[in-house]
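Have a look at the structure below, then the notes.
Numbering (UniProt numbering), first residue to last: 1 to 71.
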C-alpha cells in the first residue's frame, strides 16, 4: 500500500493518478479510466474528476493500493 499525501482538502482521481506516476499527463486519465477498472473505496469509478479526500483508498487493476492522507 502506498500513500499519496495532499495539502488541499481533496485531490481528483486524475490528479492522483498523475501524482502516483500511473499516467504522464492529466489528459491521459480519461483514456486510462476508460480502459481499466479502478476502484475507489471498493466501488468501480470511471470519473477522472472524482474528489478523493483523506482516508480514501484507490485500487488499480494491477492490485496496487493507494491511500490518500493529509499532510
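Heads up, the beta-carbon is just placed ideally off N, CA and C, and yes, glycines get one too.
- request: Just mark residue 69 as buried or exposed, buried being the case when its beta carbon has 16 or more other beta carbons within 10 Å.
  value: exposed
- prompt: In terms of alpha-carbon separation, which member of 63, 61, 53 lies closest to residue 4?
  reply: 53
- prompt: If you draw a straight line from the alpha carbon of residue 29 to that of residue 42, how long is it in whole angstroms?
  reply: 19 Å
message: Can you find the residues in the same chain that come closer than 6 Å, C-beta to C-beta, to residue 45, ignoring five residues on each side of it along the sequence?
response: 38
- request: Could you have a look at residue 71 and say whether DSSP puts it in helix, strand or coil?
  value: coil
Nonlocal neighbours in the same chain, by C-beta distance under 7 Å from residue 48, ignoring five residues either side: 12, 13, 14, 29, 30, 33
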